[in-house]
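**Student:** Numbering (our numbering), first residue to last: 8 to 755. Before I ask anything, let me first share the structure, which is written out below as structure tokens.
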Amino acid sequence: MGVNRRNFLQQAGLGLFTLGLGGVGQGIAILPVWKRYGQALAETTPRKLALLVGINNYPRTSPLTGCVTDVELQRELLIHRFGFNPKDILTLTDQQATREAIETAFVEHLVGQAQEGDVVVFHFSGYGSQVKVSDSAMGGESLMKSFVPVDETSLMKGKPVANDIVEKTLVLLARSLQTRKVSLVLDTSYLGVGQTLQGNLRVRSCPNPPAEQPSPEELAFQEKLLLRTQPSLAALTGKNRLKQVSGMVLSAAQDGQVATESNWSGFSAGLFTYALTQHLWQTLPASTVYFSLSRAAQTVERLTGEKQQPYLVGGIPSPLATYFLPPQSSQGADGAIIGIEDEGKTAEIHLAGLPVAVLEYYGINSYLTTDLEQRLQVRSRNGLTVKAKLVETNSLEEKLKVGQLVRESVRVIRRNPGLTVALDTSLQRIERVDATSAFANIPTVSAVVNAGEQVADCLFGTIEDPDSLRISKNPETMKDIPSGSYGLFSVGRVLIPNTIGVKNEAVKSAINRLVPKLKTLLAAKLWRLTVNEGSSHLGLEATLEVVDDKTEKLIRRTTLRTSVTPSAGMVKVGTEQEILPAVVVGQRIQYRLRNYRDRDLYIMLVGIDSGGNAVGLYSPETSSETDTSSLPKLKNTIVKAGETLITPAPSTSFNLIVPGPIGLAEIYIIGSRAPFTKTITALAKTPHPKGEGERIVDLMSPLDITQALLQDLHDASGVGSEILGSASDVYAFNVKAWASLSFVYQVI
């Protein structure tokens with residue numbers, strides 16, 4: 008539901024008068040709002056109310072690109088997954104989102120209607136900033152976080168002043184609500200970095216310096232709120248004002264960090280908003296907000312490292328469901344039908360339940376299934392939406408309907424997607440020319456773009472200031488890094504380990520040196536295209552355990568869409584300070600695999616360790632010491648139906664010790680209903696370690712092994728020509744044939 012800007016501005020004083028917040032607006036008839044307020048009081052069942060704000064087009068500051076998409080993501084999620092009535096969701100985007108309109112909408116739509124026990128969601132995507140305010144507790148002035156509306160400035164005595172909504176105002180508005188079930192989702196940041204890009208990501212901190220003071224209108228509105236709420240001084244001073252919200256605040260970044268947004272194929276969105284909403288499409292009703300935030304943090308921190316870490320604050324008891332609501336359906340979904348064409352035979356589908364890495368390469372001819380077992384074949388994609396044609400139904404319902412949930416059945420992806428490399432803004436023009444030419448000769452690279460222009464997989468740039476480069480908290484990794492040397496970074500400009508060269512290295516030499524690392528990055532990209540925790544029909548559960556004096560379960564992943572209910576307690580509950588799981592260098596770890604279905608599963612483990620090396624599970628049939636002149640005989644790792652297996656096996660002499668360095672590790676447990684025949688053959692060609700028993704080894708040819716693995720999954724799926732036609736340049740994976748679970752954790 009949109010809001011008419013003129014009507015809101017005309018009624019701005021009306022909402023405040025009705026709620027006793029001030030003596031403005033007395034000349035306007037109050038009956039319509041009072042009638043609506045009375046109707047809200049008479050409601051017998053809890054309501055679900057949302058106000059969603061997203062601003063891209065700032066008139067005086069560099070525009071953002073993903074904030075309006077964030078509003079779309081939240082709106083579709085709340086309607087189709089959490090049961091919000093579309094009429095109870097108010098959206099303010101771009102020119103609608105003035106300071107006065109946002110504050111009035113909060114008062115009228117949320118404060119004016121929400122009663123005790125109701126659910127309230129407020130979302131803001133846009134620029135954050137800071138404003139100087141008088142602070143008696145600090146003995147002078149201090150900087151207060153603020154949210155920048157589309158009308159960024161107002162005039163005071165003929166001079167422009169900030170028109171921001173300051174944090175204190177937002178806290179007072181939230182405290183004005185009669186319900187404690189309040190969720191504030193803030194995809195913004197406040198640290199002034201003076202730049203619009205961080206690597207290939209766009210920064211949501213306003214590049215302008217902090218304003219000297221808030222606008223008079225903002226201060227007047229705040230005074231009216233103070234009269235109504237009468238909070239304690241402690242609630243409004245210091246750095247922890249958001250903790251005074253009697254609900255939950257989900258923030259995209261911590262203090263001193265920046266929130267970012269990314270371009271993807273056909274759309275842009277906040278890194279945090281997309282990660283959070285995508286997980287919530289898939290989540291089970293029993294999941295807590297800490298679990299949801301932890302899963303979102305894994306996506307964000309894999310790209311941004313310590314530069315953007317989502318966090319949770321507020322006065323909530325623990326554990327609670329995100330938005331104080333369980334999802335309506337006991338099973339997750341990949342999206343929902345939002346439009347119908349062709350007399351009910353073609354559907355427009357919002358498909359934000361898929362991981363964004365998968366959605367970007369989701370191919371034509373992929374199959375989806377509705378909750379009524381109607382089968383749809385994808386015919387086109389535009390950003391977050393696909394159009395799919397009804398091809399088969401096992402239901403009495405032949406026509407599709409808006410609101411039906413959809414789940415993937417067959418995933419079709421390109422065989423050779425290639426890497427897109429972004430060139431950092433630190434590079435000079437001649438360096439860009441040389442880099443573009445050099446990358447053109449590397450088969451694993453499919454495109455080279457300038458940073459910030461479009462989606463990319465990594466960033467090529469220079470080390471300008473080694474002392475300011477945040478590789479990790481480990482000072483050992485900062486030694487001997489020459490200024491001006493070339494290296495590879497994540498799209499959030501986090502240095503990829505072991506990619507820095509020598510000082511005064513030529514661009515072409517640097518890129519040729521990076522060829523093996525580019526192959527590893529492409530292998531990791533292909534692994535991410537297999538992730539299907541939310542859609543697999545196999546019964547696979549995998550737990551990462553730390554083995555010290557006692558065994559501690561650190562992370563548990565399980566397929567969510569099976570007829571068998573996964574075990575309770577799916578993951579170690581995090582805390583406000585511990586969102587991303589961590590293991591310590593030198594600790595021993597193992598994976599506990601459980602097959603809770605009636606069919607044997609073949610297992611493969613691959614991933615990237617914290618040092619940036621590709622690793623995989625190596626399972627020899629016999630000792631590799633007996634015949635070093637030929638390839639060793641490897642075996643498939645099998646988890647029998649209904650049984651549990653630990654890997655590496657405790658019976659072997661090999662212990663999996665976390666080697667370091669400090670950083671992020673990204674591991675994939677992949678299960679199949681058929682043997683990994685081609686993968687085993689490719690893995691046997693890697694230099695093999697001495698000794699008996701399975702172990703985790705470095706993969707010398709990760710791309711070759713990965714392509715063999717994907718071919719094995721394709722063969723196991725048995726997708727016929729009736730789906731693929733004559734296409735030979737794609738893989739097709741059936742959700743009944745494979746499961747791929749991802750583990751992202753910190754090594755500290």
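We put the CB at the ideal spot given by N, CA and C, even for glycine.
According to DSSP, simplified to helix, strand and coil, what is residue 297?
**Tutor:** In the sequence shown, the residue the question calls residue 297 occupies position 290. Note: residue 297 maps to helix in three-state DSSP.
**Student:** Since residue 341 and residue 310 should fall inside the 8 Å C-beta cutoff, what is the C-beta to C-beta distance between them, to a whole number of angstroms?
**Tutor:** Position 334 of the sequence shown, counted from the first residue, corresponds to residue 341. Position 303 of the sequence shown, counted from the first residue, corresponds to residue 310. The pair is not a contact, with the Cβ atoms about 22 Å apart (cut-off 8 Å).
**Student:** Which value, in whole angstroms, describes the spacing of the CA atoms of residue 614 and residue 411?
**Tutor:** Along the sequence shown, read from residue 1 onward, the residue named residue 614 stands at position 607. Along the sequence shown, read from residue 1 onward, the residue named residue 411 stands at position 404. Rounded to whole angstroms, residue 614 to residue 411 spans 36 Å at the Cα level.
**Student:** For residue 620, which residues from the same chain have a beta carbon less than 6 Å from its beta carbon, with the 5 sequence-adjacent residues on both sides left out?
**Tutor:** As a first step, residue 620 must be located in the sequence shown, where it is residue number 613. Excluding residues within five positions, the ones whose Cβ falls inside 6 Å are 705.
**Student:** Where does residue 138 land, buried or exposed, given buried means 16+ other C-beta within 10 angstroms?
**Tutor:** Counting from one through the sequence shown, the residue named residue 138 turns up at place 131. It is buried - the Cβ of residue 138 has at least 16 other Cβ atoms within 10 Å.
**Student:** Please name the residue, chosen from 611, 667, 174, 533, that lies closest to residue 195 on a Cα-to-Cα basis.
**Tutor:** Counting from one through the sequence shown, the residue named residue 195 turns up at place 188. The residue with the shortest Cα to Cα distance from residue 195 is 174.
**Student:** Give the DSSP-derived three-state secondary structure of residue 354 in the structure shown.
**Tutor:** Numbered from 1 along the sequence shown, position 347 holds the residue referred to as residue 354. The answer is strand: DSSP assigns residue 354 an E or B state.
**Student:** Would you tell me roughly how many angstroms separate the C-alpha atoms of residue 182 and residue 152, rounded to the nearest one?
**Tutor:** Counting from one through the sequence shown, the residue named residue 182 turns up at place 175. Counting from one through the sequence shown, the residue named residue 152 turns up at place 145. Roughly 18 Å separates the two Cα atoms.
**Student:** Which residue's Cα is closest to the Cα of residue 102: 415, 62, 359, 494?
**Tutor:** Numbered from 1 along the sequence shown, position 95 holds the residue referred to as residue 102. Selected option, being the one with the closest Cα: 62.
**Student:** In this structure, does DSSP put residue 87 in helix, strand or coil?
**Tutor:** Taking the sequence shown and counting its residues from 1, one reaches residue 87 at position 80. Note: residue 87 maps to helix in three-state DSSP.
**Student:** Could you spell out where the alpha helix (DSSP H) holding residue 281 opens and where it closes?
**Tutor:** On the sequence shown, residue 281 is found 274 positions in, with the first residue counted as 1. Looking at the DSSP string, the run of the alpha helix (DSSP H) that includes residue 281 is 278-289.
**Student:** Given this structure, state the Cα-to-Cα distance separating residue 374 from residue 445, to the nearest angstrom.
**Tutor:** Within the sequence shown, numbered from 1, the residue matching residue 374 stands at position 367. Within the sequence shown, numbered from 1, the residue matching residue 445 stands at position 438. Cα to Cα, residue 374 sits roughly 39 Å from residue 445.
**Student:** What residues are listed by DSSP as bridge partners for residue 545?
**Tutor:** In the sequence shown, the residue the question calls residue 545 occupies position 538. According to DSSP, residue 545 bridges with nothing at all.
**Student:** How is residue 657 classed by DSSP in three states: helix, strand or coil?
**Tutor:** Here the question's residue 657 lines up with position 650 in the sequence shown. Correct three-state label for residue 657: coil.
**Student:** Taking the straight line between their C-alpha atoms, what separation do you get for residue 67 and residue 352?
**Tutor:** Residue 67 sits at position 60 when you count from the first residue of the sequence shown. Residue 352 sits at position 345 when you count from the first residue of the sequence shown. So the alpha carbons of these two residues sit roughly 46 Å apart.
**Student:** So is residue 226 buried or exposed if we call it buried at 16+ other beta carbons inside 10 Å?
**Tutor:** Start at 1 with the first residue of the sequence shown, and residue 226 comes out as number 219. Classification for residue 226: exposed.
**Student:** Take the Cβ of residue 686 as the centre, count every other Cβ of all protein chains shown within 10 Å, and call the residue buried at 16 or more, exposed below.
**Tutor:** The residue labelled residue 686 in the question sits at position 679 within the sequence shown. By the neighbour-count rule (16 or more Cβ atoms within 10 Å), residue 686 is buried.
**Student:** Less than 8 Å between the CB atoms is what I'm expecting for residue 467 and residue 502, so what's the real figure, rounded?
**Tutor:** On the sequence shown, position 460 is the one that residue 467 refers to. On the sequence shown, position 495 is the one that residue 502 refers to. The pair is not a contact, with the Cβ atoms about 12 Å apart (cut-off 8 Å).
**Student:** What does DSSP give as the partner residue(s) for residue 684 in the beta ladder?
**Tutor:** Reading the sequence shown from its first residue, position 677 is the one you call residue 684. DSSP output for residue 684 lists no bridge partner at all.
**Student:** Do the stretch 103-122 and the stretch 81-90 meet, that is, are 3 or more Cβ pairs less than 8 Å apart?
**Tutor:** They do not touch, by the three-pair rule.
**Student:** Checking 7 Å against the spacing of the C-beta atoms, do residue 136 and residue 158 come in under that value?
**Tutor:** As a first step, residue 136 is located in the sequence shown; it is residue number 129 there, counting from the start. As a first step, residue 158 is located in the sequence shown; it is residue number 151 there, counting from the start. Result no, Cβ atoms of residue 136 and residue 158 do not sit closer than 7 Å.
**Student:** Taking contact to mean 3 or more Cβ pairs, one atom from each stretch, closer than 8 Å, check whether the stretch 198-206 and the stretch 270-283 are in contact.
**Tutor:** No, the stretch 198-206 does not touch the stretch 270-283.
**Student:** According to DSSP, is residue 408 part of a helix, a strand, or is it coil?
**Tutor:** Position 401 of the sequence shown, counted from the start, is the residue given in the question as residue 408. DSSP places residue 408 in coil when its eight states are reduced to three.
**Student:** Which of the three DSSP states, helix, strand or coil, is assigned to residue 182?
**Tutor:** In the sequence shown, the residue the question calls residue 182 occupies position 175. DSSP places residue 182 in helix when its eight states are reduced to three.
**Student:** By the DSSP assignment, the alpha helix (DSSP H) with residue 730 in it spans what residues?
**Tutor:** Position 723 of the sequence shown holds residue 730. Residue 730 -> alpha helix (DSSP H) spans 728-731.
**Student:** Can you tell me where the beta strand (DSSP E) with residue 380 in it begins and where it stops?
**Tutor:** Walking along the sequence shown from the start, residue 380 turns up at place 373. First-last for residue 380: undefined, no H or E at that position.
**Student:** Return the Cβ separation of residue 304 and residue 289 in integer angstroms, given the expectation that the two are a contact with Cβ distance under 8 Å.
**Tutor:** As a position in the sequence shown, residue 304 is number 297, starting the count at 1. As a position in the sequence shown, residue 289 is number 282, starting the count at 1. Not quite, the Cβ-Cβ distance comes to about 16 Å (not below 8 Å), so this is no contact.
**Student:** On the premise that residue 190 lies in contact with residue 331, defined as a C-beta separation below 8 Å, what is that separation, rounded to the nearest angstrom?
**Tutor:** Your numbering for residue 331 matches position 324 in the sequence shown. Your numbering for residue 190 matches position 183 in the sequence shown. Contact holds; Cβ gap of about 7 Å.
**Student:** Since residue 321 and residue 254 should fall inside the 8 Å C-beta cutoff, what is the C-beta to C-beta distance between them, to a whole number of angstroms?
**Tutor:** Locating residue 321 in the sequence shown gives position 314, counting from the first residue. Locating residue 254 in the sequence shown gives position 247, counting from the first residue. With 8 Å as the limit, residue 321 and residue 254 qualify as a contact, their Cβ atoms being about 5 Å apart.
**Student:** State the start and end residues of the unbroken beta strand (DSSP E) segment that holds residue 741.
**Tutor:** As a first step, residue 741 is located in the sequence shown; it is residue number 734 there, counting from the start. Where residue 741 is concerned, the enclosing beta strand (DSSP E) stretches over 737-741.
**Student:** Using a Cβ-Cβ cut-off of 7 Å (strictly less than) and excluding sequence neighbours within five positions of residue 384, which residues of its own chain qualify?
**Tutor:** If you number the sequence shown from 1, residue 384 lands on position 377. Correct list, in chain order: 372, 374, 395, 396, 398.
**Student:** If we ignore side chains and look at the alpha-carbon of each, how far apart do residue 457 and residue 160 end up?
**Tutor:** Residue numbering aside, residue 457 sits at position 450 when the sequence shown is read from its first letter. Residue numbering aside, residue 160 sits at position 153 when the sequence shown is read from its first letter. Answer to the nearest angstrom: the Cα atoms are 32 Å apart.
**Student:** In terms of residues, what are the limits of the alpha helix (DSSP H) holding residue 220?
**Tutor:** The residue given as residue 220 occupies position 213 in the sequence shown. No alpha helix (DSSP H) contains residue 220, which DSSP labels as neither H nor E.
**Student:** Of all the options 469, 167, 670, which has the alpha carbon lying nearest to the alpha carbon of residue 221?
**Tutor:** If you number the sequence shown from 1, residue 221 lands on position 214. Selected option, being the one with the closest Cα: 167.
**Student:** Which residue from 129, 215, 268, 327 puts its Cα closest to that of residue 199?
**Tutor:** Locating residue 199 in the sequence shown gives position 192, counting from the first residue. Minimum Cα distance to residue 199 is reached at 215.
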